[in-house]
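Comments concern the structure below.
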Amino acid sequence: MDTIVKIIPCEVDKEQLFQKLHIKPDSRFVEKLDEMIEQALEVGKPKIAYKLSYVDEKGDDFVVVEGIKFTSRVLRVNLEDTFKVVPFVVTCGRELEEWAGKFTDTLDMFFADGIMEAVLRAARNRVFPEIDEEFGLGHSSNMNPGSLKDWPIKEQKPLFRLLGDVQALIGVELKDSFLMSPIKSVSGFRFPKEGSFESCQLCPRKDCPGRKAPYDKNLYEEKYRKK
Ligand code: SF4
Numbered sequence: 176m177d178t179i180v181k182i183i184p185c186e187v188d189k190e191q192l193f194q195k196l197h198i199k200p201d202s203r204f205v206e207k208l209d210e211m212i213e214q215a216l217e218v219g220k221p222k223i224a225y226k227l228s229y230v231d232e233k234g235d236d237f238v239v240v241e242g243i244k245f246t247s248r249v250l251r252v253n254l255e256d257t258f259k260v261v262p263f264v265v266t267c268g269r270e271l272e273e274w275a276g277k278f279t280d281t282l283d284m285f286f287a288d289g290i291m292e293a294v295l296r297a298a299r300n301r302v303f304p305e306i307d308e309e310f311g312l313g314h315s316s317n318m319n320p321g322s323l324k325d326w327p328i329k330e331q332k333p334l335f336r337l338l339g340d341v342q343a344l345i346g347v348e349l350k351d352s353f354l355m356s357p358i359k360s361v362s363g364f365r366f367p368k369e370g371s372f373e374s375c376q377l378c379p380r381k382d383c384p385g386r387k388a389p390y391d392k393n394l395y396e397e398k399y400r401k402k
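Just so you know, we're using the working numbering here: the sequence shown kicks off at 176 and counts up by one.
Pasting the structure below:
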């Protein structure tokens, strides 16, 4: 299947953004932040590149998808009951990054960064249920290369190869460091999964602002350790 590209409506959950930036409703910064959000909504064009792919082969700690090998025991176990996977790269978009790059004041830069993050969050929240519906994935989970030691960030390379020329498709460049530009981009696999899975359940990092689920210190031993 060819890679699909979509421009996602540019949205921000303002209440959540204000909370994340610790801006109270009576703060003197509300007007400035509101103004910047308005600007961002005008220029922002978040995008996603994705496609429906199938697993060709499953090993102990790897899967092969469309002839490309991905090495991760956790990914392999999570794909136990399915052959369907949806590789994706979703981004806040170059337009918004260029807008944010014009600010030089520290507070403006902090707000612009928060807005880009909020746009990316809203884009993901909108597009993932649409993908689940489009491909009949049912209950689904994501895994992202680099979120766990088990699936290192260098696995971005095969993921980008699977999707084709991601830079030409949606303007996201994969750097030699395997980080993406724009930095407010997320890549990964989405796949059908009974129950809930978040990489955070296997990640002991303390005080992570992005944590989506509590760390479960027994989970790896119980579900993912090779027998
Ligand atoms: S806790 Fe933080 S670093 Fe660890 S997987 Fe979750 S978001 Fe990533």
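Note that beta-carbon positions come from the ideal geometry of N, C-alpha and C, so glycine has one too. Model, not experiment: these values are computed from the prediction.
Span of the alpha helix (DSSP H), counted from its first residue to its last, around residue i
i, result
"P304", "281-310"
"R336", "331-338"
"V218", "205-218"
"E272", "269-276"
"R251", "248-253"
Residue from the options with nearest C-alpha to residue i
i, options, result
"A298", "P221, K398, L216", "P221"
"E190", "M176, K244, A293, E309", "A293"
"Y390", "T178, S374, E210", "S374"
"K181", "A224, I243, L192", "A224"
"E217", "I198, V187, E232", "V187"
"P184", "Q214, I290, G219", "G219"
"A215", "D340, D288, F263", "D288"
"V240", "Y399, S371, F366, P327", "F366"
"M291", "V361, V260, K398, D325", "V361"
"T178", "T246, V341, L282", "V341"
"E396", "P200, R248, S322", "R248"
"G370", "V238, H314, P327, D231", "H314"
"M284", "L196, L354, A343, E232", "L196"
"I158", "V264, K233, L192", "This structure leaves residue 158 out entirely; the chain is present only between 176 and 402."
"D235", "I328, E255, R336", "E255"
Enclosing beta strand (DSSP E) for residue i [first to last residue]
i, result
"K189", "Where K189 is concerned, there is no enclosing beta strand (DSSP E), although the alpha helix (DSSP H) it sits in stretches over 189-195."
"V180", "179-182"
"V347", "From DSSP, V347 is part of no beta strand (DSSP E); its letter is neither H nor E."
"S225", "The question names Ser, but residue 225 in the sequence shown is Tyr. Its beta strand (DSSP E) spans residues 222-225."
"T266", "259-266"
"P367", "360-367"
"N319", "Per DSSP, N319 belongs to no beta strand (DSSP E) and is neither H nor E."
"S228", "228-233"
"F353", "No beta strand (DSSP E) holds F353; DSSP gives it neither H nor E."
"F237", "237-240"
Burial state of residue i, where buried means 16 or more other Cβ atoms lie within 10 Å
i, result
"K332", "exposed"
"C383", "exposed"
"A388", "exposed"
"M158", "There is simply no residue 158 to check, as the chain begins at 176 and stops at 402 in what is shown."
"K402", "exposed"
"K368", "buried"
"S352", "exposed"
"K324", "exposed"
"E272", "buried"
"R400", "exposed"
"K392", "exposed"
"P262", "buried"
"N253", "buried"
"F245", "buried"
"G363", "buried"
"M176", "exposed"
The ligand ADP heavy atom lying under 7 Å from the CB of residue i
i, result
"E309", "You won't find the ligand ADP in this model; what it holds is the ligand SF4."
Requested in this report: Decide if the stretch 367-387 is in contact with the stretch 267-281; the criterion is three or more beta carbon pairs, one per stretch, under 8 Å apart.
Outcome: no
Requested in this report: Output the residues surrounding the ligand SF4, defined as those with a CB atom closer than 5 Å to any ligand heavy atom, in chain order.
Outcome: S322, S374, C375, C378, R380, C383, G385, R386
Query raised in the report: Does the stretch 195-213 touch the stretch 301-318, meaning 3 or more C-beta pairs lie closer than 8 Å?
Result: no
Query raised in the report: For the stretch 253-273 against the stretch 344-362, are there 3 or more C-beta pairs whose distance is under 8 Å?
Result: yes
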